[in-house]
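**Student:**
Residue numbers (the numbering used here), protein chains in the order written: chain V, 138 to 982; chain L, 139 to 367.
Dropping the structure here:
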């Protein structure tokens, strides 16, 4: 025999033909295996398509999003010269002041903290303010009118034509504000907006010193080159003065960036569904190949080379994987139309959904890659199947021999998970952490499953009845599904439960802050002259004065002798206003971590030692004894860093990054904050009404309302998370179904043998039910333990909160998973028991 | 006479737990072209192991196997597969038809593997010879045991092997069907001039060959012609 005869290549066409022939009776099963990845691919394609569409719409609607070609923003009043210069920019211009204030509904006597936008000019130059009636958007500036957000109108049952009070002035509601440029539904819920004409702002009396007003200037440029020229001229000086500049391009960039983060999160959630599917595919293909042992051995006897045998099954899996991926991409393309509905509260623009062929191609490629990669460990075993299996049954299992290539595939799998995560997160550390977390979860579940199998084998109670012993023993007997089901169901349970627990931790954290004797109402912007009268008013309602502190607005002028101009590396330290207080002792929420607390300055010449919150000090890059000069509304005050504090921000009270000792700021312009606890909604409404009527500049934050808003916000976020987790849940169930059907094929002969030996159909069913019950308990238990541990770690180290596992939801989740496993298992084996054993045996043969 | 299979000092041992289990011990024999040989022995005597070694399905622990002047010991698994495809045919006790292939496709496989021409016609001729031309598009599950073994016979002869190995070819068949299959096997073998090696413990079947090698406990205890031949 010549050497060339040994190396005679096999025709590729024949390999395809053989793959097709071999798949004949297995196509529906193969498709079931691959369907595990369909939902994962669908989730990713939906997210990718949505991302592409969103980016395209952001690009095309960026002007409407910004509403102007150029926006200049300042958080403090501008000097006259700068105002003059700003008044000359652009071909058309508009001006706006934004601040928080109380809005009082005169007819309904209700009040709420809102975001007031005092507008003058034709803003938006692009897009429109959507109102009912539509004309109100442009006409409200012609008189003492207001546009009131629709959520407020609904909350206070107000109608167009009613009056509202802003500060000292009454305004007529000219229209309902449905949407402002660039505003999302969530923003409108958290901080509902009220537009009033700018010319009336002064008369409201809400512009005293210390009021936190944002100044915004909008410009329209008919000529792009003019805009370029202006930008070149103003960028450097405006940056120096702390003025923010926004253009259509920067708006596009910032909006795109925030939605990229959201898309990344959604893609990762989809990826977890895909990973679960991959585990399902890997395990199912493993069983499939085991079943093909005899066929492969016979083909090897007939002269088929190992590589060719491997290629036949690689072709089979690739084709089915491709079909699964295409189906997933098609489903994802359909699902993408749901995403704008799911995310509607977070979107600032209208999304026009189109098919993204790039996303489809990415999904198909990913599906193909992943089905091959996760099937490879089993496929590689095909090369090692000995022809001896044809003449000697159970000569060896397909995976008995160690294969270094398999380890290479495992490494590739880990690299794939890491690489995909990195493409989503763009952060090496986060990607490594995510990959390691997945790997640890996987290994822990594997170890858990193996440990339990070992224990079940060792301590199987012989006193149990035969049915229980048989069902229990199925967990560790050959061809058991324990490992696969524990890992796949355990991972999906862990993922879904962790999402649920984290949501609960966040809500509990906020709820705890507001419970018992904690204050639930904050009043701020109280002027020195109003302090005593407000205290009297509060006491007259029998409300406690729980926390009353002065607040002084200031900026950092120098750090260790360096100004912003000399220390651009620390530019953020000099930007923005700081709201500081002075006190002679620490509050219960504060603890000194370094240095010494000094509560009082003894003389005018003594050094002023301030205390900084430790995180803020780190951001400022200052050490103890460093010198900081503050600009307190025109007066420079030199201080030294005396101590660092740890602040419990979760405690419901006023907390400050910068605390001065007493004896320094008492005469500085300041306002006060008062906290109290109001026992009921009725008292709260009456008290707020009285405050707004008597002290129109004072703002009231109703923490119960804030809690409701946070709850609403978390529910909306939770809905998005649950929507994505739904893919994992459905995938988990498909993996379960696939695993159960696989094990059905392996157990069928045994069940028939039992029936032949006299077992009733019911007894066989009970044995199967017991097996699936134990499997469900193991898998759900392992997933829950993993989830509780993960949630506890997240609560302790990430959210700085306590985590008490919620017993009832845990039991409900546990029961649902176990129930699903048992029902799926029993239903899938039931039909076998209704047929004569011989018929099934012949079909199986 | 030309030797087609030569077994020299062949031993086969398996590592089992802490001890070595010797299944075949220093086996020596050769088979000439055109011979019909039966390897007989009780269960566990090592006859199937010996068949596996002779057909190049496994490697001997020591000794050499030469098939059609090709030393199998130095070949890797894929090279031995090529040898099997070129020179060897198999008939299995449990038929080993590929369940997802029709009768015709099962017969075509060895020819397809060697890239032969007129595959379908050749396979149909063989199916016709075994009386199953009208069942060519049936799947194994649709055929009786005897029919499956006849398809298996057609497949075994499809690549015109120099050497045909039959492992308990009637082990799963009733007496009447066995007789028909055996007759067919010997007729086809005679027509093709193939060397036939049958592993069986059916002494009646063994008696129809012109040489019987008896093994027991992994060693050859007799190598003789049937008495009435």
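Backbone N, C-alpha and C define an ideal beta-carbon position, used for all residues, glycine too.
Would a check of beta-carbon distances place residue 528 of chain V closer than 8 Å to chain L?
**Tutor:** Residue mapping note: residue 528 of chain V aligns to position 391 of the first chain, counting from 1. Yes, residue 528 of chain V lies at the interface with chain L (some Cβ there is under 8 Å from its Cβ).
**Student:** Would the region 363-376 of chain V and the region 830-850 of chain V be scored as touching if the rule is three or more Cβ pairs under 8 Å?
**Tutor:** no
**Student:** Is residue 866 of chain V buried or exposed, if buried means 16 or more other CB atoms sit within 10 Å of its CB?
**Tutor:** The residue you call residue 866 of chain V lines up with position 729 of the first chain. With 16 or more other Cβ atoms within 10 Å, it is buried.
**Student:** Show which residues of chain V have a CB atom less than 9 Å away from the CB atom of residue 291 of chain L.
**Tutor:** Indexing the second chain from 1 puts residue 291 of chain L at position 153. Those within 9 Å of residue 291 of chain L in chain V number zero; the least Cβ separation is about 14 Å.
**Student:** Is the beta carbon of residue 780 of chain V closer than 8 Å to that of residue 731 of chain V?
**Tutor:** Position 594 of the first chain, counted from the first residue, corresponds to residue 731 of chain V. Position 643 of the first chain, counted from the first residue, corresponds to residue 780 of chain V. Yes, the Cβ-Cβ distance between residue 731 of chain V and residue 780 of chain V is below 8 Å.
**Student:** Could you compute how far the alpha carbon of residue 253 of chain V sits from the alpha carbon of residue 922 of chain V?
**Tutor:** Numbered from 1 along the first chain, position 116 holds the residue referred to as residue 253 of chain V. Numbered from 1 along the first chain, position 785 holds the residue referred to as residue 922 of chain V. Residue 253 of chain V and residue 922 of chain V: Cα-Cα distance of roughly 49 Å.
**Student:** Could you check the C-alpha separation between residue 512 of chain V and residue 189 of chain L for me, to the nearest Å?
**Tutor:** For the purposes of this step, residue 512 of chain V is identified with residue 375 of the first chain, where counting begins at 1. For the purposes of this step, residue 189 of chain L is identified with residue 51 of the second chain, where counting begins at 1. If I take the Cα positions, the gap works out to 34 Å.
**Student:** Tell me the rounded alpha-carbon separation between residue 363 of chain L and residue 446 of chain V.
**Tutor:** For the purposes of this step, residue 363 of chain L is taken as the residue at position 225 of the second chain. For the purposes of this step, residue 446 of chain V is taken as the residue at position 309 of the first chain. Approximately 41 Å between the Cα atoms of the pair.
**Student:** Could you work out which residue in L/231, L/204, L/142 is closest to residue 310 of chain L when comparing CA atoms only?
**Tutor:** Here the question's residue 310 of chain L lines up with position 172 in the second chain. Checked all of L/231, L/204, L/142; the closest Cα to residue 310 of chain L is L/231.
**Student:** Starting from residue 190 of chain L, trace the alpha helix (DSSP H) both ways and give me its first and last residue.
**Tutor:** Here residue 190 of chain L refers to the residue found at position 52 of the second chain. Element bounds for residue 190 of chain L: 185-192.
**Student:** Could you name the residues of the same chain whose beta carbon sits closer than 6 Å to that of residue 242 of chain V, not counting the 5 residues immediately before and after it, in chain order?
**Tutor:** Your numbering for residue 242 of chain V matches position 105 in the first chain. Contacts found: 293, 295, 301.
**Student:** Helix, strand or coil: which one does DSSP assign to residue 360 of chain V?
**Tutor:** Along the first chain, one-based indexing puts residue 360 of chain V at 223. DSSP places residue 360 of chain V in coil when its eight states are reduced to three.
**Student:** Is there a C-beta anywhere in chain L that falls below 8 Å from the one on residue 151 of chain V?
**Tutor:** Mapped onto the first chain, residue 151 of chain V falls at position 14. At least one chain L Cβ lies under 8 Å of residue 151 of chain V.
**Student:** Look up residue 272 of chain V in the DSSP assignment and say whether it is helix, strand or coil.
**Tutor:** Stepping through the first chain from its first residue, residue 272 of chain V is reached at position 135. Of the three classes helix, strand and coil, the one that applies to residue 272 of chain V here is coil, per DSSP.
**Student:** Quick check on residue 342 of chain L - is its C-beta less than 8 Å from some C-beta in chain V?
**Tutor:** Here residue 342 of chain L corresponds to residue number 204 of the second chain, with the count starting at 1. Judged by the 8 Å Cβ criterion, residue 342 of chain L is not in contact with chain V.
**Student:** So, residue 838 of chain V versus residue 659 of chain V, is the Cβ gap smaller than 8 Å?
**Tutor:** Along the first chain, one-based indexing puts residue 838 of chain V at 701. Along the first chain, one-based indexing puts residue 659 of chain V at 522. Their beta carbons are under 8 Å apart, which means residue 838 of chain V touches residue 659 of chain V by this criterion.
**Student:** Taking C-beta to C-beta, are residue 719 of chain V and residue 799 of chain V nearer than 8 Å?
**Tutor:** Translated into the one-based positions of the first chain, residue 719 of chain V becomes position 582. Translated into the one-based positions of the first chain, residue 799 of chain V becomes position 662. Cβ distance < 8 Å, so residue 719 of chain V and residue 799 of chain V count as in contact.
**Student:** According to DSSP, is residue 735 of chain V part of a helix, a strand, or is it coil?
**Tutor:** The count along the first chain starts at 1 and reaches residue 735 of chain V at position 598. Three-state DSSP puts residue 735 of chain V in coil, outside helix and strand.
**Student:** Mind checking which residues open and close the beta strand (DSSP E) that includes residue 695 of chain V?
**Tutor:** Walking along the first chain from the start, residue 695 of chain V turns up at place 558. Residues 684-696.
**Student:** Taking C-beta pairs closer than 8 Å, name the residues in chain V that residue 300 of chain L reaches, listed in chain order.
**Tutor:** Taking the second chain and counting its residues from 1, one reaches residue 300 of chain L at position 162. Result: empty, since nearest Cβ-Cβ is about 11 Å, beyond 8 Å.
**Student:** Can you list the residues of chain L that residue 161 of chain V reaches, using a CB-CB cut of under 7 Å?
**Tutor:** For this step, residue 161 of chain V is matched to residue 24 along the first chain. Near residue 161 of chain V (Cβ distances below 7 Å), the residues of chain L are 238.
**Student:** Tell me which residue opens and which closes the alpha helix (DSSP H) that residue 435 of chain V is part of.
**Tutor:** Walking along the first chain from the start, residue 435 of chain V turns up at place 298. First-last of the alpha helix (DSSP H) with residue 435 of chain V: 430-438.
**Student:** Can you tell which of V/599, V/170, V/401, V/290 has its C-alpha closest to the C-alpha of residue 419 of chain V?
**Tutor:** Translated into the one-based positions of the first chain, residue 419 of chain V becomes position 282. It is V/170.
**Student:** Are residue 209 of chain V and residue 457 of chain V closer than 8 Å when you measure CB to CB?
**Tutor:** The count along the first chain starts at 1 and reaches residue 209 of chain V at position 72. The count along the first chain starts at 1 and reaches residue 457 of chain V at position 320. Not in contact: residue 209 of chain V and residue 457 of chain V (Cβ atoms no closer than 8 Å).
**Student:** Considering only the beta carbon of each residue, do residue 334 of chain V and residue 257 of chain V sit closer than 8 Å?
**Tutor:** One-based indexing of the first chain puts residue 334 of chain V at position 197. One-based indexing of the first chain puts residue 257 of chain V at position 120. Their beta carbons are under 8 Å apart, which means residue 334 of chain V touches residue 257 of chain V by this criterion.
**Student:** Return no unless some Cβ of chain L is closer than 8 Å to the Cβ of residue 439 of chain V.
**Tutor:** For the purposes of this step, residue 439 of chain V is taken as residue 302 along the first chain, with counting starting at 1. Taking Cβ atoms only, chain L reaches closer than 8 Å to residue 439 of chain V, which makes this a yes.
**Student:** Find the nearest neighbour of residue 231 of chain V within the set V/240, V/238, V/220, judged by alpha-carbon distance.
**Tutor:** By one-based count along the first chain, residue 231 of chain V stands at place 94. When each option's Cα is compared against that of residue 231 of chain V, the closest is V/220.
**Student:** Exposed or buried, residue 818 of chain V, counting other C-beta atoms within 10 Å across all chains shown (16 or more means buried)?
**Tutor:** On the first chain, position 681 is the one that residue 818 of chain V refers to. Exposed, since its Cβ has fewer than 16 Cβ neighbours within 10 Å.
**Student:** Counting only runs of 3+ residues fully inside the region 340-404 of chain V, write out the beta strand (DSSP E) ranges in chain order.
**Tutor:** Fully enclosed beta strand (DSSP E) runs of 3 or longer: 351-357, 381-384.
**Student:** The region 241-257 of chain L: which residues have C-beta closer than 9 Å to a C-beta of chain V, in chain order?
**Tutor:** 243, 247, 248, 250, 251, 252, 253
**Student:** Residue 167 of chain V versus chain L: which residues are under 8 Å apart at the beta carbon?
**Tutor:** Translated into the one-based positions of the first chain, residue 167 of chain V becomes position 30. Chain-order list of chain L residues neighbouring residue 167 of chain V: empty, with the shortest C-beta distance near 12 Å, by a criterion of under 8 Å.
**Student:** What residues of chain L sit near residue 894 of chain V, judged by a beta carbon separation below 7 Å?
**Tutor:** What you label residue 894 of chain V is simply residue 757 of the first chain in a count that begins at 1. The contacting residues do not exist; residue 894 of chain V stays about 22 Å from chain L at best.
**Student:** Any C-beta of chain V sitting closer than 8 Å to the C-beta of residue 91 of chain L?
**Tutor:** This structure does not reach residue 91 of chain L, given that chain L is present from 139 up to 367, and the question cannot be answered.
**Student:** Once you ignore the five residues that flank residue 913 of chain V on each side, which residues in its own chain have a CB closer than 7 Å to its CB?
**Tutor:** Position 776 of the first chain, counted from the start, is the residue given in the question as residue 913 of chain V. Within the same chain, residue 913 of chain V has close Cβ partners 954, 955, 958, 959.
**Student:** Any beta carbon of chain L sitting closer than 8 Å to that of residue 963 of chain V?
**Tutor:** Taking the first residue of the first chain as position 1, residue 963 of chain V is located at position 826. Chain L contact via Cβ: absent.
**Student:** What residues from chain V crowd round residue 330 of chain L, counting only those whose CB sits closer than 7 Å?
**Tutor:** To locate residue 330 of chain L, count along the second chain from 1; it is residue 192. By Cβ distance, chain V contributes nothing, its closest Cβ being about 17 Å from residue 330 of chain L, past 7 Å.
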